[in-house]
Amino acid sequence: VGIVPTGGYQYDINAYSNTPELAVFMHHGGKDSVVNPNGCCIANEPKQRKKGSKSNCMFDIGVKQGSCQSVQSVFHLWTRINGCSSDHRSIKEGGVRSIETECFAGKDCIEPTNFCIWTNEGH
Numbered sequence: 114v115g116i117v118p119t120g121g122y123q124y125d126i127n128a129y130s131n132t133p134e135l136a137v138f139m140h141h142g143g144k145d146s147v148v149n150p151n152g153c154c155i156a157n158e159p160k161q162r163k164k165g166s167k168s169n170c171m172f173d174i175g176v177k178q179g180s181c182q183s184v185q186s187v188f189h190l191w192t193r194i195n196g197c198s199s200d201h202r203s204i205k206e207g208g209v210r211s212i213e214t215e216c217f218a219g220k221d222c223i224e225p226t227n228f229c230i231w232t233n234e235g236h
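Here it is, written out as structure tokens:
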């Protein structure tokens with residue numbers, strides 16, 4: 114049993130406080146214009162707002178969050194939940210379109226814990 118979030122993630126890190134170990138393989142577009150890879154949160158300055166949204170992401174995503182949690186910080190949270198000793202990074206390029214990805218894998222985890230950001234891809 115596991116989860117594979119693609120193009121989104123839970124912004125409220127407190128929601129994970131009592132989560133048991135769970136296999137996770139997160140995917141996110143590095144140029145996602147809907148769900149910001151740097152996190153979605155309230156935008157206090159009008160210039161930070163995304164297309165009429167009250168947050169820095171479209172559709173008011175994360176509007177109730179006072180601070181942004183990046184997708185990478187949520188991956189690190191999962192490495193702690195899954196008891197990983199550390200994580201390591203690798204940059205991969207491949208396929209017909211040579212899509213570049215930056216992937217991270219937890220080491221010595223109770224459950225597999227992985228994350229890939231598709232560097233030049235959107236939502």
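Numbers given in my numbering equal positions in the sequence shown, counted from 1, plus 113. Ideal Cβ placement from N, Cα and C applies to all residues, glycine included. Quantities reported herein were computed from a predicted structural model and do not represent experimental measurements.
Beta bridge counterpart(s) of residue 226 as assigned by DSSP | Answer by DSSP bridge pairing, in chain order: 137.
First and last residue of the uninterrupted alpha helix (DSSP H) at residue 132 = Neither: residue 132 is in no alpha helix (DSSP H) and is coded neither H nor E.
Determine the DSSP secondary structure at residue 232, reduced to helix, strand or coil.
-> Assigned with DSSP and collapsed to three states, residue 232 falls in coil, not helix or strand.
In three-state terms, what does DSSP make of residue 202?
-> strand
Taking residue 175 as the reference, which of 149, 186, 117, 140 has the closest Cα?
-> 149
Quick one: Cα of residue 136 to Cα of residue 159, how far?
-> 39 angstroms
Beta-carbon spacing of residue 236, residue 120 below 8 angstroms = yes
Decide if residue 116 is buried, meaning its Cβ has at least 16 other Cβ atoms within 10 Å, or exposed.
-> exposed
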